[in-house]
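Visitor: Handing you a structure now.
Numbering (the UniProt record's numbering), first residue to last: 1 to 232.
The structure is reproduced here in structure tokens:
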């Protein structure tokens with residue numbers, strides 16, 4: 001199973017992916033009450049950024065691939081072609097990998113779905129698949145989102161990036177990926193399996209049970225859509 005995803009890395013420390021934002025802000029003061037400091041209205045950033053794409057399973061990752069500006073369906077299809085080419089080098093003809101991406105709008109174009117059906121016939125998960133759809137608004141289930149981007153962010157922004165330097169940002173991201181070990185990947189996939197069990201227990205609700213180290217009752221926060229969840 002190959003989990004995939006793209007994210008915007010901003011020079012100020014903010015990271016955005018589909019339905020999820022890792023903010024650049026510090027933990028709020030203890031006087032601030034929850035959950036109102038958790039669910040925030042989405043506001044786009046005007047800071048410079050680069051778009052990063054990666055695929056991972058329990059053993060290795062492919063990428064990262066870098067793009068300037070927004071990812072489009074056309075660019076995304078070119079990205080997939082690049083990924084498939086690399087994937088063919090490390091898989092045999094008898095293997096049937098399962099490709100997984102989320103419900104982002106750029107993933108649902110006719111060209112993208114046709115290409116995935118050609119390369120992964122009845123073995124891909126996403127919008128338009130005859131195999132399985134990815135559950136909507138569920139970044140808490142994709143290890144690329146709940147593990148990988150947060151891990152990369154934590155290493156990239158240990159110190160501030162000066163003067164909005166995108167070249168430095170790209171270099172830091174590349175170096176951070178070199179620290180993603182097989183053990184980390186294995187642990188994230190095991191966590192994914194545990195999260196599936198928690199989804200059933202929570203009747204489909206969010207499964208990230210702690211924010212700022214405090215337990216939250218997600219039945220009282222039934223908001224998603226264009227909202228940002230500031231995980232740290």
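Here a beta-carbon is modelled for each residue, glycine too, at the ideal position from N, C-alpha and C.
With burial defined as no fewer than 16 other Cβ atoms inside 10 Å of the residue's Cβ, what is the status of residue 88: buried or exposed?
Guide: For the purposes of this step, residue 88 is taken as residue 88 along the chain shown, with counting starting at 1. Result: exposed.
Visitor: Apart from the five residues just before and just after residue 207, which ones in its own chain have a Cβ nearer than 8 Å to its Cβ?
Guide: Position 207 of the chain shown, counting from 1, holds the residue named residue 207. These residues qualify, in order along the chain: 140, 141, 195, 198 and 199.
Visitor: Pairs of beta-carbons, one from the stretch 73-84 and one from the stretch 96-112, closer than 8 Å: are there three or more?
Guide: Enough Cβ pairs lie closer than 8 Å, so yes.
Visitor: Within 10 angstroms of its Cβ, does residue 209 collect 16 or more other Cβ (buried), or is it exposed?
Guide: As a working mapping, residue 209 is identified with position 209 in the chain shown. Summary for residue 209: the model assigns pLDDT 46, below 50, so the residue's position carries little reliability; its value from the coordinates is reported in the next sentence. Exposed.
Visitor: On the criterion of 16 or more Cβ atoms from any shown chain inside 10 Å, does residue 10 qualify as buried, or is it exposed?
Guide: Taking the first residue of the chain shown as 1, we reach residue 10 at position 10. Burial state of residue 10 is buried, judged by a 10 Å Cβ sphere holding 16 or more other Cβ atoms.
Visitor: On the three-state DSSP scale, how would you describe residue 51?
Guide: Translated into positions along the chain shown, residue 51 becomes position 51. Strand at residue 51.
Visitor: Looking at the strands, I want to know which residues DSSP matches up with residue 68.
Guide: Position 68 of the chain shown holds residue 68. DSSP, once it has assigned bridges, lists 50 as partnering residue 68.
Visitor: Using CA coordinates, which residue listed in 50, 49 and 116 is at the minimum distance from residue 82?
Guide: Indexing the chain shown from 1 puts residue 82 at position 82. Among 50, 49 and 116, the Cα nearest to that of residue 82 is on 116.
Visitor: List, from N- to C-terminal side, the alpha helix (DSSP H) runs of 4 residues or more that fit wholly inside the UniProt domain "Tc1-like transposase DDE" (50-162).
Guide: As summarised for the UniProt domain "Tc1-like transposase DDE" (50-162), the continuous alpha helix (DSSP H) elements at least 4 residues long and confined to that stretch are 73-90, 110-119 and 150-156, given in chain order.
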